[in-house]
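In our numbering, the protein residues as written are 200 to 369.
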Ligand SMILES: Cc1cc2nc3c(=O)[nH]c(=O)nc-3n(C[C@H](O)[C@H](O)[C@H](O)COP(=O)(O)O)c2cc1C
């Protein structure tokens, strides 16, 4: 599969089977996150794996959607703001960008493994911080449900802007 084929294979999966994720597959996916690039190579991220009933219950409370509760495993992607690069000219915090790259590595690696994922940012981040007892320097920024696709899983029709609209020659 070419990279473009893989990128086109991935879509937001919102229906999972209860089949657990094999440990080797999870390790493969996490290794792909680990090697992601980051500003000044600071790697200001931390990933929590929710797969026990207790951890899943807590994470699901922060994003109470029936489809989300079908995922047998959720990765909570966190930014360590005290470890992220702040651009000296304007102090812009690059932690969001760094975590986003690692997160998409996770989603693409999972797609390559035949697994489904979905970026979830519309969750209650404060509640998540509280329920998971996260340290003060960490921000829970994204939830990534991972699972085998349920038989009814199908991409929602989406469109992308044409290149002519998003690229400008200078
Ligand atoms: C930063 C980000 C946040 C997102 N948050 C959510 C979310 O909270 N809930 C959800 O169902 N989908 C979420 N999505 C998925 C997008 O809706 C989806 O990627 C987009 O509609 C394109 O569809 P596709 O992923 O199937 O290609 C998010 C995606 C991104 C990149």
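Note that beta-carbon positions come from the ideal geometry of N, C-alpha and C, so glycine has one too.
DSSP bridge partner residues for residue 339 (one or two, in chain order): 277
Comparing C-alpha positions only, which one of 353, 360, 297 and 262 sits nearest to residue 246? Per the Cα distances, 297.
If you measure between the beta carbons of residue 305 and residue 343, is that distance less than 7 Å? Going by C-beta atoms, residue 305 is nearer than 7 Å to residue 343.
Check whether the Cβ of residue 319 sits closer than 6 Å to any heavy atom of ligand 1, and report yes or no. yes
Return helix, strand or coil for residue 314, following the three-state DSSP convention. coil
Please name the residue in 289, 267 and 287 whose C-alpha comes closest to that of residue 318. 267
Taking the beta strand (DSSP E) that residue 248 belongs to, which residues open and close that run? 244 to 249
Length-filtered (4 minimum) alpha helix (DSSP H) runs lying within the region 202 to 252: 202 to 208 and 222 to 233
Give every residue of the same chain whose Cβ lies closer than 6 Å to the Cβ of residue 320, excluding the five residues on either side of it in the sequence, and list them in chain order. 341
Assign residue 239 to one of two classes, buried (16 or more other C-beta atoms within 10 Å of its C-beta) or exposed (fewer than that). exposed
Residue 362, enclosing alpha helix (DSSP H) - first and last residue: 362 to 365
Who are the near neighbours of residue 330 in its chain, counting only those whose CB is closer than 6 Å to its CB and skipping five residues on each side? 257
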